[in-house]
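Structure record follows, encoded as structure tokens.
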Amino acid sequence: MGNPQQLASRVEDFLAKSGVRRVFSGHQPHGESPTVVRHVRTGLLVITADTSFSNLSALKLFNQANNRGEVVTVVRLRGNEVQLEGVLRDGSPHGCRLHCDPTKDKMPDALVGCQLNDGSWVKTVMEDGRVLAALGKRFQVNVQTMHPGKACLMLKSVYADERLHVSLKNLSAEWLLESQLEVQLCPTDGMEVQSLSHAMLFKPEEFMSAETYIFDGHGTLWGVRGVQHGLTNQDLEQQVIAKVNSLIAAGKRVLFATNDSNYSRRMYVDRLLQNGIQLCDDDEMSRRQAKQKVVTASFTCAWFLKKALIRRPFVLCSHLGLLEELKEAGITDYVATIDEYGTPKQEFFAPVTKDNVTRLVHQSKDVDAIVVGWDQQLTALKVAVAAAFLKWSRDGAEEGQNVMQIVQCSSDHAGVLGVTAEDFLPGRQWANRSIPAVGNGTMSQMICASVGRDIKAIDVGKPSEVLIEALKRPVEEEGYGVHLDKAVMVGDTLDTDIELAVRSGMRSLLVLSGVTSLSDLEKLRETTRFPTWVVDSLADI
623 MGNPQQLASR
633 VEDFLAKSGV
643 RRVFSGHQPH
653 GESPTVVRHV
663 RTGLLVITAD
673 TSFSNLSALK
683 LFNQANNRGE
693 VVTVVRLRGN
703 EVQLEGVLRD
713 GSPHGCRLHC
723 DPTKDKMPDA
733 LVGCQLNDGS
743 WVKTVMEDGR
753 VLAALGKRFQ
763 VNVQTMHPGK
773 ACLMLKSVYA
783 DERLHVSLKN
793 LSAEWLLESQ
803 LEVQLCPTDG
813 MEVQSLSHAM
823 LFKPEEFMSA
833 ETYIFDGHGT
843 LWGVRGVQHG
853 LTNQDLEQQV
863 IAKVNSLIAA
873 GKRVLFATND
883 SNYSRRMYVD
893 RLLQNGIQLC
903 DDDEMSRRQA
913 KQKVVTASFT
923 CAWFLKKALI
933 RRPFVLCSHL
943 GLLEELKEAG
953 ITDYVATIDE
963 YGTPKQEFFA
973 PVTKDNVTRL
983 VHQSKDVDAI
993 VVGWDQQLTA
1003 LKVAVAAAFL
1013 KWSRDGAEEG
1023 QNVMQIVQCS
1033 SDHAGVLGVT
1043 AEDFLPGRQW
1053 ANRSIPAVGN
1063 GTMSQMICAS
1073 VGRDIKAIDV
1083 GKPSEVLIEA
1093 LKRPVEEEGY
1103 GVHLDKAVMV
1113 GDTLDTDIEL
1123 AVRSGMRSLL
1133 VLSGVTSLSD
1143 LEKLRETTRF
1153 PTWVVDSLAD
1163 I
């Protein structure tokens, strides 16, 4: 299954000079609804309306060739408008109205025909106002419905304009997370799917053609496993660091990203230098400038809060890195669970009682958001206070009214603190076992669950839309100005590093020197979620 593409520029120009504003075609299956492709430069609309393979499970009792079922879409030309109206295979109605002058299209119809960062195209609008987007890759199609606001946030830059701009102040965790994904298999006519090893074979020329490289830390640069190389972990790490330094020496733009909110960018620069990354010269001015090469969850949190006009958050954390980034963003009137020296505040270690909760809330009654960092001293009282803020801000709130948001520095549910010793509990055979850590996402879920409502946290770490927005925003808007289609994400984790690349439209390199194994890849059913390339470690590039 291919993915729709824009027409070549010379074809687009020829059609425009000929006065053609809309092109309709068939004879190419496009799932359950027509595919619309907008051409921003000329306003040309290309609509491919073949739905002959819209339902492969349709009843074939009376017609063996029935691959359509009840799916139908009517495409009408009405003056200056094209009207699409139909039903999907589950009976859901959909449709949109597209003007030949795109500036006259209304939301959410204006999103139809636009491409998202992950390569998918917005195809139609559902009855409830959500948009439907589809991405074809290899022999399957990912079909996703989402809130129009999320689609606006995910738009490729060529389609972004003022009408489709989303203010981060109005960002809602509910519509960021409400999307629904369905994987549809395509007919293959007996063709065999390429093996994983062939499909993701590393191609040095393609890898080196990138403009920007974004590296994960643990499992990618350090904490790597070298068994498959016959090397010690330390020897492998030295080879990996040398490869990264060679990219820097070659003049490539190299960034480093972490979900660990305990680090500020300044602290992470220090860690990179200590691990041998030749990020900058060892002087204060160079170190300050090097912060622009680091993306930490603490920074994206502060960046989002500033853009969302949040000024007095209640911050759950155990390290100073997050607070350092808040201060640098001009957010100094926060209420934190540690003091300015990083010492835990003892009032949050008291028992959970009515008086203690109300007293702490009353002391900070003008709090306007909850921020959850990785708090190594998380207590029941901290959770109760945060839950009280969230619940009481929602009690009596009218529909559509802005309510207090909870922001999590990452969605990680778990982590690994290390491994047990060789002689640990030999009677239970628990030597060399991974020691689990409670993830940042689990902490925020605990707070949300305590409220007793379907509350979701806004994620600002990998692979969130907020982090992607920070990456692609220009430097003038305090972003990183990354051209995502010319960037490569390098990491060891499928659900953060590779998922970040998939959502943003970056290419990706998965290294097997961390938490992901080849068997994990083989269990991955969604081919659109595969990395671009796979290697044992960065030493192999």
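Numbers 623 to 1163, taken from our numbering, label the letters of the sequence shown in order. Quick reminder that beta carbons are idealized off the backbone N, C-alpha and C, glycines included.
Whole beta strand (DSSP E) elements within the stretch 956-1009, 3-residue minimum: Whole beta strand (DSSP E) segments, 3+ residues: 991-994.
For glutamate 950, which residues in the same chain have their Cβ closer than 6 Å to its Cβ, ignoring the five residues on either side in sequence? Listed in chain order, the non-local C-beta contacts of glutamate 950 below 6 Å within the same chain number zero, local neighbours out to five positions each way being set aside.
Give the straight-line distance between the Cα atoms of aspartate 811 and aspartate 740, rounded to the nearest whole angstrom. Because the pLDDT of aspartate 811 is 45, which lies under 50, any placement of that residue in the model is unreliable, and the number read from its coordinates should be weighed accordingly. Aspartate 811 and aspartate 740: Cα-Cα distance of roughly 27 Å.
Is it buried or exposed, glutamine 985, if we count other Cβ atoms within 10 angstroms and call 16 or more buried? Exposed, because fewer than 16 other Cβ atoms sit within 10 Å of the Cβ of glutamine 985.
Which same chain residues end up closer than 6 Å to serine 940 when comparing Cβ atoms and leaving out the 5 residues on each side of it in sequence? Result list for serine 940: Asp997, Gln998, Gln999, in chain order.
Figure out for me which residue from Ile1120, Leu982, Leu738 has the closest Cα to the Cα of valine 1142. One point to set straight first is that residue 1142 is aspartate, not valine, in the sequence displayed. Ranking Ile1120, Leu982, Leu738 by Cα distance to aspartate 1142 puts Ile1120 first.
CB contact flag (tyrosine 956, arginine 934, <9 Å): A contact, by the Cβ cut-off of 9 Å.
Decide yes or no for the touch test of the stretch 763-776 against the stretch 735-750: beta carbon pairs closer than 8 Å, at least 3 of them. Yes: the two stretches touch, three or more of their Cβ pairs being nearer than 8 Å.
Answer with buried or exposed for glycine 995, where buried requires no fewer than 16 other C-beta atoms within 10 angstroms of its C-beta. Result: buried.
Contact check, valine 1088 vs isoleucine 1077 under 8 Å by CB: the rounded distance? Incorrect: roughly 17 Å between the Cβ atoms, too far for contact.
If we call anything under 9 Å between Cβ atoms a contact, is threonine 959 one with lysine 987? Their beta carbons are not under 9 Å apart, which means threonine 959 does not touch lysine 987 by this criterion.
Since serine 920 and leucine 944 are thought to touch, with beta carbons under 8 Å apart, how far apart are those beta carbons, to the nearest angstrom? 4 Å between Cβ atoms; contact.
Based on Cα-Cα distance, which residue from Cys1031, Val993, Lys1013, Ala972 lies nearest to alanine 1002? Checking every option, the nearest Cα to that of alanine 1002 belongs to Ala972.
Counting along the chain, where does the alpha helix (DSSP H) carrying alanine 1123 start and finish? For alanine 1123, the enclosing alpha helix (DSSP H) covers residues 1121-1126.
Can you tell me where the alpha helix (DSSP H) holding tyrosine 890 begins and where it ends? For tyrosine 890, the enclosing alpha helix (DSSP H) stretches over residues 887-896.
In chain order, which beta strand (DSSP E) runs of at least 3 residues are fully inside the stretch 695-780? Listed in chain order, the complete beta strand (DSSP E) runs (minimum 3 residues) inside the stretch 695-780 are 703-709, 715-721, 743-747, 753-759, 762-768.
Between glutamine 1030 and glycine 1074, is the Cβ-Cβ spacing less than 9 Å? Between glutamine 1030 and glycine 1074, the gap from beta carbon to beta carbon reaches 9 Å or more.
Mind checking whether isoleucine 1069 and isoleucine 1028 have CB atoms under 9 Å apart? Yes, the Cβ-Cβ distance between isoleucine 1069 and isoleucine 1028 is below 9 Å.
Identify which residue in Lys1094, Leu1134, Gly1113 has its Cα closest to the Cα of glycine 1127. Nearest of Lys1094, Leu1134, Gly1113 to glycine 1127, Cα basis: Lys1094.
Classify leucine 793: buried if its beta carbon has 16 or more other beta carbons within 10 angstroms, exposed otherwise. By the Cβ neighbour-count rule, leucine 793 is buried, with 16 or more other Cβ atoms within 10 Å of its own.
Leaving out the 5 sequence neighbours to the left and right, which residues in its chain are closer than 6 Å to asparagine 897 when beta-carbon positions are compared? For asparagine 897, where only same-chain residues beyond five positions count, the Cβ hits under 6 Å are Trp844.
Can you tell me which of the three DSSP states isoleucine 1163 falls into? Coil.
Could you tell me whether the stretch 1130-1145 touches the stretch 864-878, where touching means 3 or more Cβ pairs closer than 8 Å? They do not touch, by the three-pair rule.
When Leu786, Gly758, Arg719 are compared against valine 747, the one with the closest alpha-carbon: Considering only alpha carbons, the answer is Arg719.
At the level of alpha carbons, what is the spacing between glutamate 1098 and proline 966? Annotation: glutamate 1098 to proline 966 spans about 36 Å, alpha carbon to alpha carbon.
Can you check the stretch 1088-1125 for any beta strand (DSSP E) of at least 3 residues that lies completely inside it and give the ranges in chain order? Taking only runs of at least 3 residues, the beta strand (DSSP E) segments lying wholly in the stretch 1088-1125 are 1109-1113.
Given a threshold of 16 other Cβ atoms within 10 Å of its Cβ, counted over all protein chains shown, does serine 640 qualify as buried or as exposed? Exposed: under 16 other Cβ atoms inside 10 Å.
C-beta contact flag for serine 655 and glycine 735 at 9 Å: Annotated as distal: serine 655 and glycine 735, with beta-carbon spacing of 9 Å or more.
How many Å lie between leucine 706 and alanine 638 at the Cα? Take the alpha-carbon of leucine 706 and the one of alanine 638: they are about 23 Å apart.
Using C-beta distances below 6 Å, list every residue in its chain close to tryptophan 665, excluding the 5 sequence neighbours before and after it, in chain order. The question names tryptophan, but residue 665 in the sequence shown is glycine. Taken in chain order, the residues that qualify are Pro724.
Nearest-angstrom Cα separation, counted from methionine 830 out to glutamate 929: Checking the sequence shown, residue 929 turns out to be lysine, not glutamate. About 34 Å.
Can you tell me whether alanine 912 is buried or exposed? The criterion is at least 16 other CB atoms within 10 Å of its CB, across all chains shown. Buried, because 16 or more other Cβ atoms sit within 10 Å of the Cβ of alanine 912.
Please name the residue, chosen from Arg711, Asp712, Val668, that lies closest to valine 697 on a Cα-to-Cα basis. Residue Val668 is the option with its Cα nearest to valine 697.
Would you kindly work out how many angstroms separate the C-alpha atoms of serine 647 and alanine 1010, rounded to a whole number? The C-alpha of serine 647 lies about 56 Å from the C-alpha of alanine 1010.
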